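**Student:**
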Amino acid sequence: MKSNLIAAALLLGLTIPVSADPLLIDAPVASWDGAYIGAVGGWTNSKTTGTDVTGEEWGPPGTVLDMTDVGLIGGVAAGYNFQNGNWVFGPELELGWISNDKVYVDPTDDDDGLYTQYGFYGALTGRIGYVANNTLFYGKGGVIFANMKNAGGEFDGIGNEDSRGKWGFDGNEAGFGDETRTGLTVGAGMEHALSDNWTFKTEYMFADFGTKTYGHADGDMSEPFNFNNHIHTVKFGLNYRF
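Going by the numbering used here, the first residue of the sequence shown is number 1473, and it counts up by one from there.
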């Protein structure tokens, strides 16, 4: 009798469809298709490398000063997602402000200084990612532009600029740049769906603006200075999907 019951139980177990196991059922992929808009904010770490090409102010030709600065970043982002199965891709535009603003004075010579200030920025990138359990893991890359001021050379002190200098630097013994710089940016992040419309994301982004050469305040290039600028950012964002 017992053997018959065991056999019946085994037979019943074997006849249960495998698809009844919820772990083996393919869950539907969440939809990420469509436009979105949101806000971003976080931290930035910028690095400036200044080079005295002729060595007139900082020492031998090619003398370098480096500085880093920590600041804030904030703005708005908008984009469009195209979806093919678990894969999501599309363009994104981000506009905002970077707060980094610092004067560095060489501790071994208080006449030698370096300055960088960021301002308005924009980035146009393409994103591509993979959706798993309502979370999008993505990479991105594209172009970035930012309003940037650079100066390097003899530092007289704020309010003591000579020869039509600015930002504390002597106009005839420093290099000055004040323009919108363009560079390349790459990054990666993850975005989680909180509901059908709202998502939260966290993202790392690196931007390299390359090297620019500037001369004196009057444009004289007899004592040029090179300025290499790049930034690292960690951002958080909240998006609304239409």
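No residue lacks a Cβ here, since even glycine has one placed at the ideal position from N, Cα and C. Note that this is a predicted model, so its numbers are computed, not measured.
Using CA coordinates, which residue listed in S1635, T1652, T1683 and G1661 is at the minimum distance from M1620?
**Tutor:** Nearest option by C-alpha distance: T1652.
**Student:** Please classify A1679 as buried or exposed, where buried requires at least 16 other C-beta atoms within 10 Å of its C-beta.
**Tutor:** Result: buried.
**Student:** Could you tell me which residues DSSP pairs with V1575 in its beta bridges?
**Tutor:** Paired residue(s): Y1587.
**Student:** Just grab the DSSP bridge partners of P1563 for me.
**Tutor:** DSSP lists G1598 as partners of P1563.
**Student:** Which of the three DSSP states, helix, strand or coil, is assigned to W1670?
**Tutor:** Three-state result, W1670: strand.
**Student:** Hey, how far is the Cα of T1654 from the Cα of I1509?
**Tutor:** Distance between the alpha carbons of T1654 and I1509: 24 Å.
**Student:** If V1501 sits next to G1557, beta carbons under 8 Å apart, how far is it from one beta carbon to the other, in whole angstroms?
**Tutor:** Yes, V1501 and G1557 are in contact; Cβ-Cβ is about 6 Å, under 8 Å.
**Student:** Smallest Cα separation from L1656: which of G1649, S1667, T1683 and P1696?
**Tutor:** The option with the nearest alpha carbon to L1656 is T1683.
**Student:** Anyone know if the C-beta pair for D1692 and F1627 falls short of 8 Å?
**Tutor:** No, the pair does not count as a contact, with Cβ atoms beyond the cut-off.
**Student:** Measure the C-alpha to C-alpha separation of D1690 and I1703 and round it to an integer number of angstroms.
**Tutor:** Each residue's Cα considered, the two are about 29 Å apart.
**Student:** Considering only DSSP beta bridges, list what R1603 is partnered with.
**Tutor:** Per the sequence shown, the amino acid found at residue 1603 is Val instead of Arg. Bridge partners of V1603: L1608.
**Student:** Between the C-alpha atoms of T1526 and S1694, what's the straight-line distance to the nearest angstrom?
**Tutor:** Near 8 Å, if we compare the C-alpha coordinates of S1694 and T1526.
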